[in-house]
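Residue numbers (our numbering), protein chains in the order written: chain A, 2 to 177; chain B, 6 to 196.
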């Protein structure tokens, strides 16, 4: 009897360890994570335009049917990356996310001096002197996702906003 | 030999308990950061760089790429205010004060996060497309057949999820998410 309880207790402890290990490993290994999905359909430092979501054409689960997304899978290992776009008057937000989905930087149209996104992302040890109109931040790692969300205030604005989104740039910045 | 068999059995039992409980937690979206307001659930850690492990695992597995709370707040509902699961065969009235933020939208998704096809090709209402009441509040009908006013088609008879997202939320709401005055989801008709 005692031996049975001992082994059962050991199994429960082992179960706890396996449970914790599974929870910690899943974010790094999940094949359908947001980053994995983008990685499969985009090149490094090249923005792609997605959305607004339609049935069967969602950029990722629970994506918005009222938002155009510009997604850039950036790599700042060698150079900083500058993201720019020229948008019509609407609400937008620009976010940097880690490969596991953690959002460590966020700005939006109401915080921008010019009303336009212009962000320089620095890698480790890189320096850059921004102009008054530019925002600058340091990436949490060499790779990540930059996502510009542009709100469609009205359906009729979709072609205009998609055209503006297609003109977005996410390019390595040569620094002297 | 008998000890070895027992060792293998309990090793297997331990692995089953660990993996089974992990699967159950992820399938049911259980996490440490859930704030519940009526039928609405907010994951306060979703999108945070240092989220609790349950939320991180859930987000990674779901494929969702959320903003942290300061950027957007995502409230989801899988039940009506009476506690019954939302079903496309039923009719509901979603009503409440306009959420406080730069922009908001209410969209209807299947349980996997996809949009549901419907003849009207209408998948959401937003702060700029909804027809507000005189006091600024909103009333949206979620129903299988067309209604006057703000009608959001259910699209299918299956279960669905409502997502209310607030972009650029009021900082007071970010500091105290529990202060959110959640919209009521009233079941109107259910065959």
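The C-beta atom is built at its ideal place from N, Cα and C for all residues, glycine as well.
Because the structure is a prediction, the values reported are computed rather than measured.
Could you check if residue i is buried or exposed, using at least 16 other CB atoms within 10 Å of its CB as the buried criterion?
i                     : result
residue 64 (chain B)  : buried
residue 160 (chain B) : buried
residue 150 (chain A) : buried
residue 173 (chain B) : buried
residue 14 (chain A)  : exposed
residue 14 (chain B)  : exposed
residue 139 (chain B) : exposed
residue 52 (chain B)  : buried
residue 194 (chain B) : exposed
residue 6 (chain A)   : exposed
residue 62 (chain A)  : buried
residue 158 (chain B) : buried
residue 29 (chain B)  : exposed
residue 136 (chain B) : exposed
residue 27 (chain A)  : buried
residue 8 (chain B)   : exposed
residue 104 (chain B) : buried
residue 199 (chain B) : The structure shown does not extend to residue 199 (chain B), since chain B is modelled only from 6 through 196, so no value can be given for it.
In the DSSP assignment, find the beta strand (DSSP E) that holds residue i and state where it starts and stops.
i                     : result
residue 98 (chain A)  : 93-98
residue 87 (chain A)  : Here residue 87 (chain A) belongs to no beta strand (DSSP E), and DSSP marks it neither H nor E.
residue 179 (chain B) : That residue, residue 179 (chain B), is in no beta strand (DSSP E); its alpha helix (DSSP H) goes 176-180.
residue 170 (chain A) : 170-173
residue 46 (chain B)  : 45-48
residue 101 (chain B) : 96-101
residue 109 (chain A) : 104-109
residue 155 (chain B) : 155-158
residue 190 (chain B) : 189-194
residue 146 (chain A) : 144-152
residue 68 (chain A)  : 68-76
residue 144 (chain B) : 143-148
residue 138 (chain A) : 136-139
Give me the Cα-Cα distance between residue i and residue j, rounded to the nearest whole angstrom.
i                     : j                     : result
residue 75 (chain B)  : residue 154 (chain B) : 32 Å
residue 1 (chain A)   : residue 27 (chain B)  : Outside the displayed span of chain A (2 to 177) sits residue 1 (chain A), for which this structure offers no information.
residue 92 (chain A)  : residue 132 (chain B) : 12 Å
residue 130 (chain B) : residue 156 (chain B) : 9 Å
residue 142 (chain A) : residue 162 (chain A) : 31 Å
residue 112 (chain A) : residue 101 (chain A) : 26 Å
residue 67 (chain A)  : residue 175 (chain B) : 20 Å
residue 105 (chain A) : residue 35 (chain A)  : 15 Å
residue 54 (chain A)  : residue 87 (chain B)  : 30 Å
residue 138 (chain A) : residue 43 (chain A)  : 23 Å
residue 164 (chain A) : residue 108 (chain B) : 22 Å
residue 152 (chain B) : residue 16 (chain B)  : 58 Å
residue 171 (chain B) : residue 103 (chain A) : 18 Å
residue 196 (chain B) : residue 81 (chain A)  : 59 Å
First and last residue of the alpha helix (DSSP H) that includes residue i?
i                     : result
residue 20 (chain A)  : 3-30
residue 15 (chain B)  : 7-32
residue 72 (chain B)  : Note, residue 72 (chain B): premise wrong, no alpha helix (DSSP H); not H, not E.
residue 36 (chain A)  : 35-41
residue 162 (chain A) : 159-167
Which bits of chain B does residue i rub up against, with CB to CB less than 7 Å?
i                     : result
residue 154 (chain A) : 133
residue 61 (chain A)  : 68, 69, 70
residue 90 (chain A)  : The premise fails here: residue 90 (chain A) is roughly 12 Å from chain B at the closest Cβ pair, so nothing lies under 7 Å.
residue 99 (chain A)  : 54
residue 148 (chain A) : 70
Which residues of chain B have a Cβ atom closer than 8 Å to the Cβ of residue i, listed in chain order?
i                     : result
residue 111 (chain A) : 107, 173
residue 38 (chain A)  : 68
residue 145 (chain A) : By Cβ distance, chain B contributes nothing, its closest Cβ being about 11 Å from residue 145 (chain A), past 8 Å.
residue 11 (chain A)  : 15, 19
residue 141 (chain A) : 54
Can you name the residues of chain A whose CB is closer than 8 Å to the CB of residue i?
i                     : result
residue 170 (chain B) : 65
residue 76 (chain B)  : 94, 96, 104, 107, 109
residue 7 (chain B)   : Neighbours of residue 7 (chain B) on chain A: none; closest Cβ ~11 Å, over 8 Å.
Could you list which residues in chain B have their beta carbon closer than 9 Å to that of residue i, in chain order?
i                    : result
residue 15 (chain A) : 15, 16, 18, 19, 20, 22, 23
residue 18 (chain A) : 19, 23
residue 33 (chain A) : 65, 66, 67, 68
Using a cut-off of 9 Å between C-beta atoms, extract the partners of residue i located in chain A.
i                     : result
residue 162 (chain B) : In chain order: nothing, as chain A lies at least about 16 Å away.
residue 58 (chain B)  : 21, 24, 25, 27, 28
residue 120 (chain B) : 54, 55, 56, 57, 58, 59, 64, 66
residue 129 (chain B) : 65, 66, 67
residue 61 (chain B)  : 24, 25, 27, 28, 101, 102, 103
So residue i contacts chain A; which residues on that side make the cut at Cβ distance below 7 Å?
i                     : result
residue 64 (chain B)  : 102
residue 117 (chain B) : 62
residue 27 (chain B)  : 20, 23, 24
residue 276 (chain B) : It is not possible to answer for residue 276 (chain B), since the shown part of chain B is limited to 6 through 196.
residue 11 (chain B)  : 8
Please decide whether residue i counts as near chain E, where near means a Cβ-Cβ distance under 9 Å.
i                    : result
residue 30 (chain B) : Among the chains of the structure shown, chain E does not appear; the protein chains present are A and B.
Count the C-beta pairs between the segment 78-87 of chain B and the segment 157-171 of chain B that are closer than 8 Å, then say yes if the count reaches three, no if not. yes
The segment 15-32 of chain A touching the segment 123-130 of chain A, judged by at least three CB pairs closer than 8 Å: no
Mind the definition here: the segment 42-50 of chain A touches the segment 53-63 of chain B only if three or more C-beta pairs lie below 8 Å; say whether that holds. no
So, do the segment 73-83 of chain A and the segment 161-176 of chain A have three or more beta carbon pairs nearer to each other than 8 Å? yes
Could you say if the segment 172-189 of chain B and the segment 94-102 of chain B meet the contact criterion of at least three C-beta pairs nearer than 8 Å? yes
With contact counted as at least three CB pairs below 8 Å, one residue from each stretch, are the segment 40-51 of chain B and the segment 175-185 of chain B in contact? yes
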